[in-house]
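Comments concern the structure below.
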Amino acid sequence: KVVLATKVYGEMGDWPNEGKLSAKHIRQACDASLQRLHTDYIDLYQMHHIDRDTPWEELWQAMDLLIQQGKVLYVGSSNFAGWHIAQANEAARSRHLVGLSSEQCFYNLDERMVELEVLPACEAYGMGVIPWSPLARGMLGGALQKATEGRRSGKEITEKVERKRPQLEAYEKLCADLGEQPADVALAWLLSNPVVTAPIIGPRTKEQLEGSLRSLEISLAQETLDKLDEIFPGPGPKPSPGSA
4 KVVLATKVYG EMGDWPNEGK LSAKHIRQAC DASLQRLHTD YIDLYQMHHI DRDTPWEELW
64 QAMDLLIQQG KVLYVGSSNF AGWHIAQANE AARSRHLVGL SSEQCFYNLD ERMVELEVLP
124 ACEAYGMGVI PWSPLARGML GGALQKATEG RRSGKEITEK VERKRPQLEA YEKLCADLGE
184 QPADVALAWL LSNPVVTAPI IGPRTKEQLE GSLRSLEISL AQETLDKLDE IFPGPGPKPS
244 PGSA
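Next comes the structure, spelled out in structure tokens:
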């Protein structure tokens, strides 16, 4: 089974209606995506960023038209703040529409700011969360181990790894004690949160894909989750079901 998702936002011209989330651009971008993807409908059409210049009424009118035409099944957001998620869903509710089905956000063990407002908002509105960069651009994928093996990383990641070395040493030791790969533990940690639907992974080979699927079989004990919280503290109390 394949769930086909794509995004809309980028500028397509110099005029206000030729970019972001204007009604005209939403419709034109959808048609262009359908042609490029060689399909007649998109399962999940995601707004890549918030557009402060387009009224919610205009945006939802355009999305509703695409849904009525059968070109889009569900609408999602990406990089929205918690307040934007609430605004979008309340505007949709006023039109008797389903609203947002998912939020794609920057979320991993090392970057947990979305736990403050975004995740509670998604839980409150029954949305799924699709974390991007679940391995913190490779830092949580065994960066120290790979460095000792002579693998090279970009300057930005190398500098960040050095700043985070004490945390990463503790993290990779914990993973070794569990007998699991760091990348798999990072993915399993995300999946342990019931509001998370699925993290976005970027395997380049079949072997890498099969390796990532190992995370689906890992069930982290509460003791392990507590240790991970000690290594990578969150910004506040961890959201719990029904607490939003």
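First residue of the sequence shown: 4, per this note's numbering; consecutive thereafter.
All C-beta atoms, glycine included, are put in the ideal place defined by N, C-alpha and C.
Every value quoted in this text rests on a predicted model; they were computed, and no experiment measured them.
### V188: first and last residue of the uninterrupted alpha helix (DSSP H) it sits in
It spans P185 to L194 - the alpha helix (DSSP H) in which V188 sits, taken as one unbroken run.
### Task
Spell out a yes or no on whether the segment 141-151 and the segment 116-130 are touching, meaning 3 or more CB-CB pairs, one atom from each, closer than 8 Å.
Verdict: no, contact absent.
### Reduced DSSP secondary structure (H/G/I, E/B, other) of A247
Note that A247 scores 47 on pLDDT, short of 50, meaning its location in the model is unreliable; the coordinates nonetheless yield the value given after this. Residue state, collapsed to three classes: coil.
### Message
Within a Cβ cutoff of 8 Å, which residues of the same chain sit near L177, ignoring the five residues on either side of it in sequence?
### Response
Taking L177 as the centre and dropping the five residues before and after it, the same chain places the C-beta of V188, T227, K230, L231 and I234 closer than 8 Å to its C-beta, in chain order.
#### Entry: Beta carbon proximity, L7 to chain D, threshold 9 Å
Absence of chain D from the displayed structure is noted, only one protein chain being present.
### Query
To the nearest angstrom, how far is it from the Cα of K167 to the Cα of I45?
CA-CA distance, K167 to I45, rounds to 40 Å.
### Query
What is the DSSP secondary structure of N92, counted as helix, strand or coil?
Correct three-state label for N92: helix.
### Task
Can you tell me which of the three DSSP states P236 falls into?
It is coil, neither helix nor strand.
### Query
Under the rule that 16 or more other beta-carbon atoms within 10 Å means buried, what is E172, buried or exposed?
Around the CB of E172, fewer than 16 other CB atoms lie within 10 Å, so the residue is classed as exposed.
### Task
Mark P185 as exposed unless 16 or more other C-beta atoms lie within 10 angstroms of its C-beta, in which case mark it buried.
Label assigned to P185: buried.
### Query
Mind checking whether D54 and K27 have CB atoms under 9 Å apart?
No, these two residues do not count as a Cβ contact at 9 Å.
### Message
Can you tell me where the alpha helix (DSSP H) holding E162 begins and where it ends?
### Response
For E162, the enclosing alpha helix (DSSP H) stretches over residues K158 to R166.
#### Entry: alpha helix (DSSP H) segment containing V121, residue limits
Element bounds for V121: V121 to A127.
### Query
So does the segment 97-104 actually touch the segment 218-227, counting three or more Cβ pairs closer than 8 Å?
These segments do not touch.
### Query
In terms of residue numbering, what span does the beta strand (DSSP E) encompassing E106 cover?
Counting along the chain, the beta strand (DSSP E) containing E106 begins and ends at L103 to F109.
#### Entry: Own chain residues within Cβ distance below 6 Å of A32, not counting five before or after
Within the same chain, V11 come within 6 Å of A32 by CB-CB distance, once the 5 residues on both sides are set aside.
### Message
Which complete beta strand (DSSP E) runs does the segment 24-65 hold, if anything under 3 residues is left out?
### Response
The qualifying runs are 45-50.
### Message
Give me the DSSP bridge partner(s) of S81.
### Response
Under the DSSP definition of a beta bridge, S81 partners with Q107.
#### Entry: Where K10 falls: helix, strand or coil (DSSP)
DSSP places K10 in strand when its eight states are reduced to three.
### L231 Cβ short of 8 Å to the ligand SAM heavy atom set
This structure simply doesn't include the ligand SAM, nor any ligand for that matter.
### Query
Does DSSP put L147 in a helix, a strand or coil?
Helix at L147.
### Message
For G214, report the span of its beta strand (DSSP E) as first-last.
### Response
Taken as a continuous stretch (DSSP letters only), G214 belongs to no beta strand (DSSP E), being part of the alpha helix (DSSP H) at K209 to S215.
### Query
Is L219 helix, strand or coil by DSSP?
L219 falls in the helix class under three-state DSSP.
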